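Peer 1: This is the structure I want to talk about, given as structure tokens.
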Amino acid sequence: MAKDVWEEALNQFNRGAKILKLDESIVELLTNPKRIFQVSIPVRMDNGKIKVFQGFRVQFNDFRGPTKGGIRYHPNVDIHEVKALSFWMTWKNAVVDVPFGGGKGGIICNPKELSQGELERLSRGYIEGMHKYIGSEKDIPAPDMYTNPQIMAWMVDEYHRIEGHNVFGMITGKPLELGGSEGRMQATAQGGVYVLEEALKTYNVTNPTIAVQGFGNVGMIAAKLLAAKGFKIVAVSDSKEGIYNKEGLDIATVSKHKSETKSVKDFPESTAITNEELLELDVEVLVPAALEGVITKKNVDNIKAKFILELANGPVSAEAREVLFKKEQIAIPDILANSGGVAVSYFEWVQNNIGYAWDEKEVLEKLKAKMSLAFDNVYETSKEFNIDFGTAAYIYAIRKMVKVLELRGYIK
Ligand code: GLU
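Residue numbers are given in my numbering: position 60 of the sequence shown equals residue 226, and the series is strictly consecutive.
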């Protein structure tokens with residue numbers, strides 16, 4: 167399964183590379199990871215016994231700057247998935263124009279089954295195993311699925327313990343008190359909202375109805391921000407179930423229900439729907455904010471939304487994006503739609519480097535400018551080649567990479 171994720175990532179890139187007639191040797195250079203690390207992390211569990219966890223880090227490509235990307239804690243994460251995610255980071259960082267290469271990490275674990283103490287020891291163990299290879303100018307991790315500011319705090323502290331001094335810029339997504347940035351918590355969702363606003367403006371769509379798949383860190387915040395704009399959110403879902411109300415859901419109450427019951431399930435004044443049904447609703451905007459591979463050639467014909475805002479990593483296949491484009495539906499690809507997270511990570515890193523903190527207003531203004539520009543660049547490329555936004559985003563990013571490879575002397 168996870169091997170398919172890598173195949174899919176490669177497929178997306180290859181479409182862009184083919185259109186640009188990229189030389190085979192350059193394709194080879196850009197599709198092989200620079201470094202892959204795997205560490206065994208022994209953790210003393212609360213029962214007194216040692217358990218060994220496996221951790222990964224892939225530094226895919228650092229031609230445009232130090233490698234950058236989150237760390238995922240998940241029972242099913244494996245090296246193929248981390249490799250795909252680090253490859254996506256390479257292109258995402260180029261699309262949103264931050265001076266980073268692509269990296270990603272992961273630990274095979276189920277954080278829901280770990281105590282806080284176990285989670286802390288595991289997170290510190292990961293840094294102990296990796297500290298030589300990460301750092302502010304080398305490789306800069308951040309949160310991803312099931313990791314959060316507290317985990318980043320333990321990691322920055324462990325790095326401090328080993329190195330003997332503070333290096334805040336070695337990791338981003340930290341708590342504000344420990345060198346974090348204003349706006350980072352909502353950055354992925356907020357960046358997606360800015361991109362969507364730009365798309366709605368470009369295509370003259372007002373007051374869209376919206377369905378959001380995934381009610382976690384990204385999906386829930388996106389739903390809140392979109393509801394605050396006055397847009398009607400008719401459906402949301404989590405891993406258990408979806409809820410639907412054609413008059414619109416009160417997102418603040420749904421999120422209260424979710425925090426009390428751990429699910430959106432059984433929310434009053436709504437009809438239960440499955441995750442599959444949510445994807446096929448007749449709405450203007452669909453926001454897949456949970457899993458990889460949810461829209462593929464299998465269900466693409468049933469998708470009705472005019473815009474698909476890919477807030478998850480890899481939710482829509484390249485093939486599906488192309489089919490949608492032919493039906494005049496626009497899949498705004500992950501490497502554009504969810505790049506607000508790493509954009510504010512970049513701002514956090516800059517603030518750490520200069521030793522100054524910007525206020526939220528300043529961070530959000532900078533984010534908005536970056537996201538709007540990234541959207542315009544992908545939109546223009548899509549028009550230039552009459553191609554779907556996914557392939558256009560790769561074309562735009564690959565061209566940028568090629569320029570750097572010329573300057574570095576790889577392309578004569
Ligand atoms: N994990 C996030 C992503 O997939 C953020 C990465 C970062 O901030 O470095 O884009």
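We treat Cβ as the ideally placed atom computed from N, Cα and C, and that holds for glycine.
Just so we're clear, the structure is a prediction, and the values are computed from it rather than from any experiment.
Using 8 Å for Cβ pairs, my map puts Leu-475 next to Ala-503. What's the rounded Cβ distance?
Peer 2: Along the sequence shown, read from residue 1 onward, the residue named residue 475 stands at position 309. Along the sequence shown, read from residue 1 onward, the residue named residue 503 stands at position 337. Going by Cβ atoms, the distance from Leu-475 to Ala-503 rounds to 5 Å, so yes, they are a contact pair.
Peer 1: Output the residue ranges of the beta strand (DSSP E) runs that lie fully inside the segment 349-388 and measure 3 residues or longer, sorted by chain position.
Peer 2: The qualifying runs are 375-379.
Peer 1: Okay, do the segment 282-297 and the segment 244-255 touch, 3+ Cβ pairs below 8 Å being the bar?
Peer 2: The segment 282-297 is not in contact with the segment 244-255.
Peer 1: Quick check: the segment 176-192 against the segment 214-229, are there 3 or more CB pairs under 8 Å?
Peer 2: Not touching, per the Cβ criterion.
Peer 1: Taking buried to mean at least 16 other C-beta atoms within 10 Å of its own C-beta, is Lys-569 buried or exposed?
Peer 2: If you number the sequence shown from 1, residue 569 lands on position 403. Counting Cβ neighbours within 10 Å, Lys-569 comes out exposed, since fewer than 16 surround it.
Peer 1: Compute every distance between the C-beta of Thr-462 and the non-hydrogen atoms of ligand 1, then say whether any falls below 7 Å.
Peer 2: For the purposes of this step, residue 462 is identified with residue 296 of the sequence shown, where counting begins at 1. Flag unset: Cβ of Thr-462 not near ligand 1.
Peer 1: Answer yes or no: the CB of Pro-309 versus the heavy atoms of ligand 1, is any distance below 7 Å?
Peer 2: Against the sequence shown, residue 309 aligns to sequence position 143. Yes, ligand 1 has a heavy atom inside 7 Å of this Cβ.
Peer 1: Just checking Ser-302 against ligand 1 - is the residue's beta carbon closer than 7 Å to any of the ligand's heavy atoms?
Peer 2: As a working mapping, residue 302 is identified with position 136 in the sequence shown. Outside the cutoff, so no.
Peer 1: Please determine if the segment 269-281 and the segment 226-238 are in contact, where contact requires at least 3 C-beta pairs separated by less than 8 Å.
Peer 2: They touch, by the three-pair rule.
Peer 1: According to DSSP, is Ile-461 part of a helix, a strand, or is it coil?
Peer 2: The residue you call residue 461 lines up with position 295 of the sequence shown. Here Ile-461 sits in strand by DSSP.
Peer 1: Under the assumption that Ile-192 contacts Ile-577 (Cβ atoms under 8 Å), give the Cβ distance between them as a whole number of angstroms.
Peer 2: On the sequence shown, position 26 is the one that residue 192 refers to. On the sequence shown, position 411 is the one that residue 577 refers to. Right, their Cβ atoms sit about 7 Å apart.
Peer 1: In the DSSP assignment, what are the bridge partners of Val-510?
Peer 2: Here residue 510 refers to the residue found at position 344 when the sequence shown is read from its first residue. DSSP lists no partner for Val-510.
Peer 1: Following the continuous alpha helix (DSSP H) through Gln-495, name the residue where it begins and the one where it ends.
Peer 2: For the purposes of this step, residue 495 is taken as residue 329 along the sequence shown, with counting starting at 1. Taken as a continuous stretch (DSSP letters only), Gln-495 belongs to no alpha helix (DSSP H), as it is neither H nor E.
Peer 1: Quick check on Arg-230: does DSSP put it in helix, strand or coil?
Peer 2: Residue numbering aside, residue 230 sits at position 64 when the sequence shown is read from its first letter. Of the three classes helix, strand and coil, the one that applies to Arg-230 here is coil, per DSSP.
Peer 1: Ligand 1 heavy atoms versus the CB of Ser-511: any closer than 7 Å?
Peer 2: Position 345 of the sequence shown, counted from the first residue, corresponds to residue 511. Yes, the beta carbon of Ser-511 sits closer than 7 Å to at least one heavy atom of ligand 1.
Peer 1: Does the count of Cβ pairs from the segment 293-310 and the segment 319-339 closer than 8 Å reach three?
Peer 2: Touching, yes, given that three or more Cβ pairs across the two stretches are closer than 8 Å.
Peer 1: Would you mind working out which of Ser-483, Glu-364, Val-261 and Asn-468 sits nearest Ala-175, comparing C-alpha positions?
Peer 2: For this step, residue 175 is matched to residue 9 along the sequence shown. Measuring from the Cα of Ala-175, the nearest candidate turns out to be Ser-483.
Peer 1: What are the boundary residues of the alpha helix (DSSP H) that Leu-452 is part of?
Peer 2: For the purposes of this step, residue 452 is identified with residue 286 of the sequence shown, where counting begins at 1. From DSSP, Leu-452 is part of no alpha helix (DSSP H) but of the beta strand (DSSP E) over 451-454.
Peer 1: Return the residue from the list Asn-465, Glu-446, Thr-437 and Phe-381 that minimises the CA-CA distance to Ser-425.
Peer 2: Indexing the sequence shown from 1 puts residue 425 at position 259. Minimum Cα distance to Ser-425 is reached at Phe-381.
Peer 1: Specify whether the segment 326-346 and the segment 305-313 touch according to this definition: at least 3 beta carbon pairs, one from each stretch, less than 8 Å apart.
Peer 2: Yes: at least three Cβ pairs fall under 8 Å.
Peer 1: State yes or no: is the C-beta of Tyr-239 within less than 8 Å of the C-beta of Pro-277?
Peer 2: The count along the sequence shown starts at 1 and reaches residue 239 at position 73. The count along the sequence shown starts at 1 and reaches residue 277 at position 111. For Tyr-239 and Pro-277, yes; Cβs fall inside 8 Å.
Peer 1: When burial is assigned at 16 or more other CB atoms within 10 Å of the CB, is Pro-434 buried or exposed?
Peer 2: As a position in the sequence shown, residue 434 is number 268, starting the count at 1. Exposed: under 16 other Cβ atoms inside 10 Å.
Peer 1: Leaving out five residues before and five after Glu-303 in sequence, what residues of the same chain have Cβ atoms less than 7 Å from its Cβ?
Peer 2: In the sequence shown, counting from the first residue as 1, residue 303 sits at position 137. Around Glu-303: Pro-232.
Peer 1: Return the chain-ordered list of same chain residues with a C-beta closer than 6 Å to the C-beta of Phe-491, the five sequence neighbours on each side being excluded.
Peer 2: Looking up residue 491 in the sequence shown gives position 325. These residues qualify, in order along the chain: Asp-554.
Peer 1: Looking only at DSSP bridge pairs, what is Ala-471 linked to?
Peer 2: In the sequence shown, counting from the first residue as 1, residue 471 sits at position 305. Looking at the DSSP assignment, Ala-471 forms no beta bridge with any residue, so it has no partner.
Peer 1: Does the Cβ of Val-508 lie closer than 7 Å to at least one heavy atom of ligand 1?
Peer 2: Taking the sequence shown and counting its residues from 1, one reaches residue 508 at position 342. Within the cutoff, so yes.
Peer 1: Checking 8 Å against the spacing of the C-beta atoms, do Val-451 and Ile-387 come in under that value?
Peer 2: By 1-based counting over the sequence shown, the position of residue 451 is 285. By 1-based counting over the sequence shown, the position of residue 387 is 221. Contact: no.
Peer 1: Note down the Cα distance separating Asn-543 from Leu-530, rounded to an integer number of angstroms.
Peer 2: Along the sequence shown, one-based indexing puts residue 543 at 377. Along the sequence shown, one-based indexing puts residue 530 at 364. Spanning the two alpha carbons is a distance of roughly 20 Å.
Peer 1: Looking at the secondary structure, which residues open and close the alpha helix (DSSP H) in which Ile-317 lies?
Peer 2: Working through the sequence shown from its first residue, we reach residue 317 at position 151. Looking at the DSSP string, the run of the alpha helix (DSSP H) that includes Ile-317 is 315-329.
Peer 1: Quick one: does the C-beta of Lys-536 sit closer than 7 Å to a heavy atom of ligand 1?
Peer 2: For the purposes of this step, residue 536 is taken as the residue at position 370 of the sequence shown. No; taking the cut-off as 7 Å, the Cβ of Lys-536 has no heavy atom of ligand 1 nearer than that.
Peer 1: Return yes when the C-beta of Thr-233 is under 7 Å from any heavy atom of ligand 1, and no when it is not.
Peer 2: Working through the sequence shown from its first residue, we reach residue 233 at position 67. Because no heavy atom of ligand 1 lies under 7 Å away, the Cβ of Thr-233 does not count as near it: no.
Peer 1: For Ile-553, does the three-state DSSP call read helix, strand or coil?
Peer 2: Walking along the sequence shown from the start, residue 553 turns up at place 387. In this structure, Ile-553 counts as coil in the three-state DSSP scheme.
Peer 1: Give me the DSSP bridge partner(s) of Asp-305.
Peer 2: Locating residue 305 in the sequence shown gives position 139, counting from the first residue. Looking at the DSSP assignment, Asp-305 forms a beta bridge with Thr-233 and Gly-301.
Peer 1: Can you tell me the Cβ-Cβ gap for Val-508 and Val-205, rounded? I've got them flagged as a contact below 8 Å.
Peer 2: Numbered from 1 along the sequence shown, position 342 holds the residue referred to as residue 508. Numbered from 1 along the sequence shown, position 39 holds the residue referred to as residue 205. About 24 Å separates the two Cβ atoms, so there is no contact after all.
Peer 1: So, does the CB of Glu-173 fall closer than 8 Å to a CB anywhere in chain C?
Peer 2: Of the protein chains in this structure there is only one, and it is not chain C.
Peer 1: According to DSSP, Tyr-239 sits in a beta bridge with which residue or residues?
Peer 2: By one-based count along the sequence shown, residue 239 stands at place 73. Answer is Ile-273.
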